[in-house]
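So the sequence shown is residues 1180 to 1618, counted in my numbering. Written out below as structure tokens is the structure these notes cover.
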Amino acid sequence: GENKIITKKSNGKHVNKYKLKLKYSEIVLINMNIVNLELLPQQRPHKNILEVFEDEKKTTHGFVCVSAPMVRYSKLEFRRLIREHGVKLAFTPMIIADSFIHSQKARDNEFTTCVEDVPIISQFAACDAYEFSLAAQLIYPYVDGVDLNCGCPQSWAISKGYGCGLLRQPELVRDIIQTARRVLPQNFSISVKLRLLNGNAEESIRSTVELARQLEKCGATFLNLHGRTMWQKTSDPLNIPAMTEIKKSIQIPLVVNGNVRSWKDAIDLHEQTQADGIMSARGLLSNPALFNKQITGTETPMECVQEWLDIATSAGENINFQCFHHHLTFMWSSHMKRKLRLEFNNFTNKQQVFNFFEERYGLRPQKSSYINTLNYTKCIYPHVPHTNNKTERAQAGQAWSENSNGKYFNEFKEDLTKEQCSEEQDDFNLEGSFFTDLG
């Protein structure tokens, strides 16, 4: 190995220095204690992510079905549900690396797992090589890989140097991945989730291809690409030619995402890009069975709701009411008329939800089902650095607030409001047409 000084930046100024010994699977922490990752207790053997891509390439559809990292929502309980319906690779929600390093509360709140939660990739928001590498080291015993978020377009993330903000400094992204690769075992997955770089059509493709190739050289296991730039909205079309060109330009697997709301969308995007994996976010929230080829249609089947009720019962206090309720709102709103939606949205506890589904649909939690057996792993972090004055600040440094709804849910509510207005108009038109026909 070799010694290297990595400088941690704050507001563009070099304020602290941490000395890392960049040896194959060792990292020197702040107190200069060497941690051998291979000696840490393992809850299970690591899954080789490249083998997942190879195995799924042999299937009839030919790609890995991937669940995106979703702040608030892609937690263990939801991962259990979607794995039952075709998801072969799941991501945790985006975790703020700095908070994960310095706050026990953040570690407990932001990450839970179980032995069956495999394969799993933990995604971190980090603004330098030190944060990402140390967070990766901490979570190493419990996941099959780590992912660097370079795709979050939200202004708060960009202002802190996270997400798309990193794409303004491609050399920093390369340094982060190269450093992590040198301190983590070779068969442990390191990936990057990014968007197309800004510029006109030609510049965007050229610069993104160049970055993708460099990340491959730095040791990335695979890449995740959203087919839009940081400034584009979800309503803007995907840049299919750019996604296709990037796939052709690299040898490592490429996962693509954007506008995947149904199994047909997934098949079409694969055929257009020849990507190794197809990722979905909003589509899975609306229909957790999206990747289940045995279930036709685009709406959530009743069995998914039953399974979610079972999981929530097993999870108990491990899943808060807001998360439990939001998922059902995503899944089932399209099945409810406006009056029922309003009633459902006013619920404040799980029992009200259980009563609602039993009275309306004859569903009740089944305690004996396989899916509700969640044996949570007790995650311990013996190699965490000593606490310092950053710990208190890190307590509040999560990617979301329990007192707010968040981007996904707010956008969903806006869409729902538009649908309700349209629905009211449709009801009026239907009534008029009905009486006209009778006359």
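Think of the CB as a built atom: it goes at the ideal place given N, C-alpha and C, for glycine as much as any other residue.
Bridge-paired residues (DSSP) for residue i
i	result
SER1370	ASP1326 and PHE1401
THR1408	LEU1375
CYS1244	ILE1457
LEU1268	VAL1245
CYS1293	TYR1555
ILE1275	ALA1304
Residue i, enclosing alpha helix (DSSP H) - first and last residue
i	result
SER1428	1419-1428
SER1312	1308-1318
PRO1349	1349-1362
TYR1321	No alpha helix (DSSP H) holds TYR1321; DSSP gives it neither H nor E.
GLU1256	1255-1262
TYR1540	1529-1540
MET1481	1481-1494
LEU1519	1517-1524
ASP1444	1442-1452
ALA1336	1334-1338
LEU1229	1228-1236
PHE1632	Residue 1632 falls outside the range modelled here, since the chain spans only 1180 to 1618, and no answer is possible.
Beta-carbon contacts of residue i that lie in its chain and below 8 Å, excluding the five residues immediately before and after
i	result
ARG1692	A query on residue 1692 cannot be resolved here, the shown segment of the chain reaching from 1180 to 1618 and no further.
PHE1290	THR1271, ILE1274, PHE1279, SER1301, ILE1318, TYR1321 and CYS1558
THR1292	GLN1222, LEU1255, ILE1299, TYR1321, VAL1322, TYR1555, THR1556 and CYS1558
THR1570	With a pLDDT of only 49 at THR1570, under 50, the local geometry of the prediction cannot be trusted, and no value is derived from it.
GLY1624	This structure gives no information on residue 1624, because the portion of the chain shown stretches from 1180 to 1618.
Nonlocal neighbours in the same chain, by C-beta distance under 6 Å from residue i, ignoring five residues either side
i	result
ASN1328	MET1273, GLN1302, ALA1304, GLY1342 and LYS1372
GLY1462	VAL1439, ARG1440 and LEU1469
ASP1287	none
SER1612	Confidence at SER1612 is low in this model, with a pLDDT of 28, below 50, so its placement is unreliable and the value that follows should be read with caution. Answer for SER1612: no residue qualifies.
ASP1326	ILE1300, GLN1302, SER1370 and LYS1372
GLY1344	ILE1337
GLY1340	CYS1306
ASN1366	ASN1227
PHE1526	VAL1532
Contacts around residue i, its chain only, beta-carbon distance under 7 Å, and the 5 residues preceding and following it disregarded
i	result
ILE1425	THR1387, VAL1388, ALA1391, LEU1404 and LEU1433
TRP1511	THR1479 and VAL1484
SER1428	VAL1388, ALA1391 and ARG1392
ARG1385	none
GLU1350	none
SER1414	none
Start and end residues, beta strand (DSSP E) containing residue i
i	result
GLN1302	1299-1304
ASN1159	The displayed coordinates of the chain run from 1180 to 1618. Any statement about residue 1159 would go beyond what the structure contains.
Test: residue i CB closer than 7 Å to a CB of chain D
i	result
ALA1421	Protein chain content of the structure displayed is limited to a single chain, and chain D is not contained in it.
Contact under 7 Å by Cβ, residue i with residue j
i	j	result
LEU1394	ILE1355	no
VAL1435	MET1422	yes
ASN1431	PHE1470	Inspection of the sequence shows that residue 1431 is occupied by Ile rather than by Asn. Taking 7 Å as the Cβ cut-off, ILE1431 and PHE1470 do not qualify as a contacting pair.
GLY1324	ILE1457	no
ALA1359	ALA1314	no
SER1246	ILE1261	yes
SER1368	LEU1376	no
SER1312	VAL1352	no
GLU1310	ALA1276	yes
LEU1417	GLY1398	no
SER1465	PHE1503	no
PRO1332	MET1249	no
ILE1419	GLN1451	yes
ILE1446	ARG1259	no
VAL1297	LYS1236	no
HIS1514	PHE1242	no
VAL1294	LEU1268	no
PHE1500	LYS1529	yes
Distance cut-off 6 Å: residue i Cβ against heavy atoms of the ligand COA
i	result
ALA1454	Inclusion of the ligand COA in the displayed structure is not the case, the ligand content being empty and no account of it being possible.
query = Are the segment 1476-1495 and the segment 1252-1266 in contact at 8 Å, needing three or more beta carbon pairs?
reply = Judged by Cβ distances under 8 Å, the segment 1476-1495 makes contact with the segment 1252-1266, as three or more pairs qualify.
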